[in-house]
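**Student:** Handing you a structure now.
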Amino acid sequence: MKLYQSNLQLADSEDILIKLSQGITVITGNQRLAHVFRQHFDQATILKGAKVWATPDILPWHGWLQRLWEESLISGEIPEAGQLLAPQQERALWQELLSSDLPFQPMSKTALQVQKAWQLLWEWHLPQNESIFQYNDDSRLFWKWQLLFQRTCQQKGWLSASCLPDKLQQYFAQGTLLPPDELVLIGFDELNPQQLALLEILNRSGCHVQWLQLKPKISQIAQLTCTDRRQEARLMARWVRQRLEGNPAAQIGIVAPDLSAMREIIVHALDEILIPSTFHPGYQQQERPYNISLGKPLATFPLVTTALKLLDLLKPAISLSDISQLLHSPFIGGWEQESSARALLDVQLRETGEPSISIGTLAYYASYASRSYICPVLAKKLETLKGWLPTCSRREQPEQWVRHFDHLLKTIGWLEGYSLSSEEYQTLEAWRALLAELAMLDWVRGEISLSDALSQLWQMARERIFQPQTGVAPVQVLGPLEAHSLQFDYLWMMGLHDGIWPASPQPNPFIPLPLQRTHKLPHSSEQRELLVTRLFMQRIVTSADQVVLSYPQRNGDEELRASPLIKDYPSLAISALLASNMASWREMIHNHLQLSELLYDPAPMLEQAATKGGSYIFKLQAACPFRAFAELRLGARPFGQIQFGLSAMTRGNVLHRIMEKVWDKLDSHEQLVALPDTALNELVLDQVHEVIDMTAPHYPQTFSQRFREMEIKRLHRHIMAWLELEKERLPFRVIARERKYELTVGRLSIQLKIDRIDEIESGHQLVIDYKTGRAKASQWFGDPPDEPQLPLYSLVFPDDLAGIAFAQIRAGRMAFSGITIEEGILPEVKSYEKFSQSREVGDWSQLLNHWRVALERLSDNFCRGEAAVNPKQYPATCAYCTLQPLCRITELALLGEVNIEEGENEG
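So in UniProt numbering, spot 173 of the sequence shown is number 173, and the numbers just go up one at a time.
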């Protein structure tokens with residue numbers, strides 16, 4: 001490694017601009033530096049009054065190599081040079097070569113590391129000696145793979161980008177290529193052996209090569225200790241704002257070694273302090289006063305995410321979460337006129353209980369004519385897209401798949417009628433470039449399936465880091481590499497704790513470690529990381545007039561210490577750094593809060609006495625009047641949860657249907673005990689199969705063959721165990737199964753469906769409700785009862801009722817839980833007189849009357865619009881409620897207006 005070569009010269013920015021104005025090629029160490037100097041050149045040229053000027057010839061090292069190669073091919077100087085592989089083509093070739101040795105490993109990340117090892121092999125002119133690479137299993141495999149790679153490239157006439165500098169060096173040495181008159185390098189701390197060799201040949205061939213470094217500034221430097229990363233980011237943002245208020249033309253740099261982890265925190269702090277309107281409702285995106293060098297995966301940009309997930313519709317099934325994103329995406333044609341209907345369609349699809357659905361199912365629901373969620377524009381596009389499904393079963397070249405993808409996106413209306421912003425237009429261009437790269441894989445991949453094409457496209461989109469270019473901004477947020485050779489008026493370098501600065505070594509696993517350390521490869525040892533970091537610090541602290549170096553003392557529960565590389569700089573107090581304790585708009589509003597008192601008024605009366613909801617109305621009103629009003633009258637219900645497997649509700653419904661059919665065959669306790677075990681077993685199994693056959697078509701993604709078999713076995717086992725418990729009962733006859741009743745309670749007329757009604761020997765009736773979850777009879781006591789469902793059922797048979805009970809059919813607990821008029825009616829169920837509450841309420845008839853009065857009060861309060869935020873028992877009652885943002889129960893609790901132990905619910 002050669003650092004700061006003897007011919008390195010100091011220069012200032014003006015010197016670089018003069019070189020560019022003379023048409024001299026300037027090569028930078030990174031893309032960001034080239035972009036910044038290009039902006040500086042344009043601004044300087046405008047200030048001189050020019051209206052038209054040539055684009056300055058400044059570009060990063062790899063861009064210069066690529067251009068040199070392409071220009072040489074066009075000019076015919078190297079007519080038989082072979083085809084230069086693009087990075088994605090190389091990656092695809094490495095993946096093909098690795099797949100035979102690593103069939104069950106994720107190829108993408110491994111191929112990336114192998115490709116990097118290949119690049120290091122050439123950049124650092126490592127000895128290509130087989131014996132050296134016998135170091136371990138990984139290096140032995142790499143040696144094998146790189147031989148295959150070289151052989152394949154030779155046979156196909158391909159050239160790896162890692163070999164390009166050596167190939168160019170060869171042509172310059174032979175005189176095949178003519179060198180430029182002059183080259184300027186800036187933004188390099190070091191040059192690897194491959195770069196030095198090429199530049200040496202150019203120099204000997206008559207090219208004047210200058211290696212420049214910007215002159216250091218005389219800086220004021222201080223270190224600052226912060227509590228955590230969020231405080232550090234907020235202080236930085238306030239400091240930035242004060243600098244800009246003092247000098248709007250100031251150039252400010254923010255450098256973070258771990259920018260990928262800090263990005264969201266930094267963006268939030270800068271937005272909150274510099275452009276607080278970002279957090280206002282209805283905020284319209286505007287150009288920010290800062291830009292960030294670190295991009296994000298292209299796949300995370302909404303425009304591209306939508307395109308990828310639209311193409312995924314061609315798969316047999318797509319996850320409901322992805323469907324949800326598509327339905328809410330403004331990038332799909334017809335969204336403006338159908339946005340509300342598509343949102344309702346999203347809600348409806350969640351009710352299907354499937355974690356994924358096919359394009360056919362989506363099209364079916366979107367075209368459901370009599371429903372509020374009908375989306376005719378979307379449905380028509382989906383039907384057209386369905387017509388392409390037969391084509392998708394073929395194998396095609398990647399280039400052909402790209403044509404299909406482009407056509408299909410137009411068919412579905414991607415970006416149809418949508419007006420793109422500047423950033424979105426750049427994102428679209430990046431997407432088109434990505435598709436072009438996929439098409440270039442024809443050479444390497446050959447014909448591939450739709451699944452492989454989509455997988456490759458997703459992989460490329462996730463790996464492609466993209467950052468839309470913005471206009472000139474006074475604040476630059478950078479990583480250490482991007483900050484190289486940039487100068488500012490003010491600079492803040494943050495996150496400088498010893499866990500990350502200097503960085504830990506990360507040697508490439510496919511190159512023998514001793515070889516890496518001998519040749520001082522990047523990231524190969526602690527010593528090298530320390531040396532590189534020290535050199536960076538020497539440069540960065542002289543790149544601005546004022547420099548702040550900060551670190552957080554904590555990251556969550558982890559304690560952090562200052563990097564040893566900043567300890568020698570003087571400490572600075574926050575009060576000395578900031579002229580005042582500048583508060584954000586959010587903090588200023590919060591500091592001036594005044595409590596508003598609102599008088600409670602009931603909601604409007606319920607006009608219709610008959611309403612949907614059944615016993616659920618009473619359950620919610622008993623738990624919290626506000627929740628009953630919000631869910632049942634305002635329709636403020638939560639989205640259905642997307643889950644794998646059958647939901648608890650669906651499992652319960654399946655069990656209900658099976659039990660209904662079983663008792664339809666058995667009819668009575670007498671028939672149950674008389675039936676031989678084998679016959680009973682066969683009867684139950686037949687009913688389970690029949691119900692599963694009816695249920696499975698509604699859940700095609702869930703009911704795989706394996707799941708079907710498991711569910712049949714589970715249900716059969718549970719029901720047989722339950723019937724053994726039923727055999728222990730005194731004689732009974734099942735007189736009703738899943739029977740509907742209309743019932744008037746107070747002002748409400750509701751419909752009920754009772755799972756089962758038994759008639760016992762005395763002629764009295766027993767109401768049974770099947771439960772697959774936990775249920776307790778104690779929940780029926782209290783005023784009002786916590787679980788009013790069965791007390792409601794009791795009102796149907798006030799004179800002939802012998803008891804109410806839950807039939808708990810669940811693994812590990814098969815039991816009745818209920819109350820009966822006398823002992824022995826149900827196994828292990830106590831008679832009412834054995835309950836302590838009987839001493840307070842009275843006899844059986846008084847209990848039934850007590851329930852009627854409590855339920856009528858709940859009914860009347862619901863109809864009157866009683867909607868107070870008054871949970872029966874806070875916080876237990878609110879544990880699974882999703883209305884807290886609406887009722888603001890947490891604030892009421894803090895103000896002492898809610899009893900933490902037990903709410904004052906009057907029903």
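Backbone N, C-alpha and C define an ideal beta-carbon position, used for all residues, glycine too.
These numbers were taken from a predicted model, which means no experiment stands behind them.
Which residues in the same chain as T890 place their Cβ atom closer than 7 Å to its Cβ, once the five residues preceding and following it in sequence are excluded?
**Tutor:** What you label residue 890 is simply residue 890 of the sequence shown in a count that begins at 1. Within the same chain, T890 has close Cβ partners Q884.
**Student:** So, are the CB atoms of E354 and Q643 less than 7 Å apart?
**Tutor:** For the purposes of this step, residue 354 is taken as residue 354 along the sequence shown, with counting starting at 1. For the purposes of this step, residue 643 is taken as residue 643 along the sequence shown, with counting starting at 1. No, Cβ-Cβ distance for E354 and Q643 is not below 7 Å.
**Student:** Go through its chain and collect everything with a Cβ distance to P791's Cβ below 6 Å, but skip five positions before and after it.
**Tutor:** Start at 1 with the first residue of the sequence shown, and residue 791 comes out as number 791. Around P791: W780, P785, W851.
**Student:** Identify, in the order they occur along the chain, each residue of the same chain with its Cβ nearer than 8 Å to the Cβ of T306, setting aside the five sequence neighbours on each side.
**Tutor:** As a working note, residue 306 is residue 306 in the sequence shown. Within the same chain, T306 has close Cβ partners Q325, L326, S329, F331, I332, W414.
**Student:** Might you give, ordered along the chain, the residues of its own chain that have their beta carbon closer than 7 Å to the beta carbon of E416, omitting 5 neighbours on each side?
**Tutor:** The residue you call residue 416 lines up with position 416 of the sequence shown. Its chain contains G333 as the residues whose beta carbon lies nearer than 7 Å to that of E416, once the 5 sequence neighbours on both sides are disregarded; these appear in chain order.
**Student:** Shortest alpha-carbon distance to W431 belongs to which of D452, A461, Y365?
**Tutor:** Taking the first residue of the sequence shown as 1, we reach residue 431 at position 431. Of D452, A461, Y365, the residue nearest in Cα terms is A461.
**Student:** Determine the closest residue to A868 out of L848, V853, Q846, L892, with distance taken between C-alpha atoms.
**Tutor:** In the sequence shown, residue 868 corresponds to position 868, counting from 1. Of the candidates L848, V853, Q846, L892, the one whose C-alpha sits nearest the C-alpha of A868 is L892.
**Student:** Do A515 and P507 have their C-beta atoms closer together than 7 Å?
**Tutor:** As a working mapping, residue 515 is identified with position 515 in the sequence shown. As a working mapping, residue 507 is identified with position 507 in the sequence shown. Here the sequence assigns Leu to residue 515, which means Ala is not the residue at that position. No, the Cβ-Cβ distance between L515 and P507 is not below 7 Å.
**Student:** If you run the structure through DSSP and keep just helix, strand and coil, what is C226?
**Tutor:** For the purposes of this step, residue 226 is identified with residue 226 of the sequence shown, where counting begins at 1. It is a strand residue.
**Student:** Here's the rule I'm using: 16 or more other beta-carbon atoms within 10 Å means buried, otherwise exposed. How should Q39 be labelled?
**Tutor:** The residue labelled residue 39 in the question sits at position 39 within the sequence shown. Q39 comes out exposed.
**Student:** Inspect the beta-carbon positions of L313 and I359 and report whether they are closer than 7 Å.
**Tutor:** Looking up residue 313 in the sequence shown gives position 313. Looking up residue 359 in the sequence shown gives position 359. Cβ atoms of L313 and I359: closer than 7 Å.
**Student:** May I ask which residues mark the beginning and end of the beta strand (DSSP E) holding T28?
**Tutor:** One-based indexing of the sequence shown puts residue 28 at position 28. In the DSSP annotation of this structure, the continuous segment of the beta strand (DSSP E) that includes T28 starts and ends at 25 to 28.
**Student:** From C887 to F626, what distance separates their C-alpha atoms?
**Tutor:** Within the sequence shown, residue 887 is the residue found at index 887, counting from 1. Within the sequence shown, residue 626 is the residue found at index 626, counting from 1. Distance between the alpha carbons of C887 and F626: 8 Å.
**Student:** Is the Cβ-Cβ distance between P552 and C226 less than 7 Å?
**Tutor:** Within the sequence shown, residue 552 is the residue found at index 552, counting from 1. Within the sequence shown, residue 226 is the residue found at index 226, counting from 1. Yes. Within cutoff.
**Student:** Could you pull the DSSP bridge partners for Q170 from this structure?
**Tutor:** Position 170 of the sequence shown, counting from 1, holds the residue named residue 170. None; Q170 has no bridge partner.
**Student:** Which whole-angstrom value is the C-beta distance of G495 and D258, which I expect to be below 8 Å?
**Tutor:** Here residue 495 corresponds to residue number 495 of the sequence shown, with the count starting at 1. Here residue 258 corresponds to residue number 258 of the sequence shown, with the count starting at 1. With 8 Å as the limit, G495 and D258 qualify as a contact, their Cβ atoms being about 5 Å apart.
**Student:** Taking all protein chains shown into account, do 16 or more other C-beta atoms lie within 10 angstroms of the C-beta of P564, making it buried, or fewer, making it exposed?
**Tutor:** What you label residue 564 is simply residue 564 of the sequence shown in a count that begins at 1. Exposed is the call here.
**Student:** How about Q546 and Q213: are their beta carbons less than 7 Å apart?
**Tutor:** Along the sequence shown, read from residue 1 onward, the residue named residue 546 stands at position 546. Along the sequence shown, read from residue 1 onward, the residue named residue 213 stands at position 213. Their beta carbons are not under 7 Å apart, which means Q546 does not touch Q213 by this criterion.
**Student:** Just mark L20 as buried or exposed, buried being the case when its beta carbon has 16 or more other beta carbons within 10 Å.
**Tutor:** As a position in the sequence shown, residue 20 is number 20, starting the count at 1. So L20 counts as buried.
**Student:** Whole angstroms is fine: what's the gap from E71's alpha carbon to L178's?
**Tutor:** As a position in the sequence shown, residue 71 is number 71, starting the count at 1. As a position in the sequence shown, residue 178 is number 178, starting the count at 1. Their Cα atoms are separated by approximately 12 Å.
**Student:** Grouping DSSP H, G and I as helix and E and B as strand, with all else coil, what is A341?
**Tutor:** Locating residue 341 in the sequence shown gives position 341, counting from the first residue. A341: helix per DSSP, three-state reduction.
**Student:** Going by other Cβ atoms of all chains shown within 10 Å of its Cβ, with 16 needed for buried, is G76 buried or exposed?
**Tutor:** Sequence index remark: in the sequence shown, residue 76 carries index 76 (1-based). Exposed: under 16 other Cβ atoms inside 10 Å.
**Student:** Can you tell me whether DSSP reads P798 as helix, strand or coil?
**Tutor:** The sequence position of residue 798 within the sequence shown is 798, counting from 1. Coil at P798, not helix or strand.
**Student:** Tell me whether the beta-carbon of A44 lies closer than 7 Å to the beta-carbon of L10.
**Tutor:** In the sequence shown, residue 44 corresponds to position 44, counting from 1. In the sequence shown, residue 10 corresponds to position 10, counting from 1. Not closer than 7 Å, so no.
**Student:** What are the uninterrupted segments assigned as alpha helix (DSSP H) that are 4 or more residues long and contained completely in the region 449 to 484, given in chain order?
**Tutor:** 450 to 463
**Student:** How do the region 730 to 742 and the region 808 to 820 stand: do at least 3 beta-carbon pairs fall below 8 Å, yes or no?
**Tutor:** Taking 8 Å as the limit for Cβ pairs, the verdict is that the region 808 to 820 does not touch the region 730 to 742.
**Student:** Starting from R528, trace the alpha helix (DSSP H) in both directions and tell me its first and last residue.
**Tutor:** The sequence position of residue 528 within the sequence shown is 528, counting from 1. Looking at the DSSP string, the run of the alpha helix (DSSP H) that includes R528 is 526 to 540.
**Student:** Less than 7 Å between the C-beta atoms of residue 908 and L224, yes or no?
**Tutor:** Any question about residue 908 goes unanswered here, given that the chain covers just 1 to 907.
**Student:** DSSP has A815 in a bridge; who is on the other side?
**Tutor:** Counted from its first residue, the sequence shown places residue 815 at position 815. Its beta-bridge partners are Q808.
**Student:** In the DSSP assignment, find the unbroken alpha helix (DSSP H) run with Q119 in it and report its ends.
**Tutor:** By one-based count along the sequence shown, residue 119 stands at place 119. Taken as a continuous stretch (DSSP letters only), the alpha helix (DSSP H) holding Q119 covers 107 to 123.
**Student:** Are there 16 or more other CB atoms within 10 angstroms of the CB of H656, so buried, or fewer, so exposed?
**Tutor:** Taking the sequence shown and counting its residues from 1, one reaches residue 656 at position 656. Buried: at least 16 other Cβ atoms inside 10 Å.
**Student:** How close, in whole Å, do the beta carbons of K215 and D12 come, if the pair is a contact with beta carbons under 8 Å?
**Tutor:** As a first step, residue 215 must be located in the sequence shown, where it is residue number 215. As a first step, residue 12 must be located in the sequence shown, where it is residue number 12. A Cβ-Cβ distance of about 5 Å is found for the pair K215 and D12, placing them in contact under the 8 Å criterion.
**Student:** Please report the distance separating the alpha-carbon of R637 from that of L362.
**Tutor:** The residue you call residue 637 lines up with position 637 of the sequence shown. The residue you call residue 362 lines up with position 362 of the sequence shown. About 23 Å.
**Student:** Should the region 25 to 36 be regarded as contacting the region 482 to 500, the criterion being three or more beta carbon pairs within less than 8 Å?
**Tutor:** yes
**Student:** Is the beta carbon of L311 closer than 7 Å to that of P289?
**Tutor:** As a working note, residue 289 is residue 289 in the sequence shown. As a working note, residue 311 is residue 311 in the sequence shown. Not in contact: P289 and L311 (Cβ atoms no closer than 7 Å).
**Student:** Mapping DSSP to helix, strand and coil, what is P625?
**Tutor:** The residue you call residue 625 lines up with position 625 of the sequence shown. Residue state, collapsed to three classes: helix.
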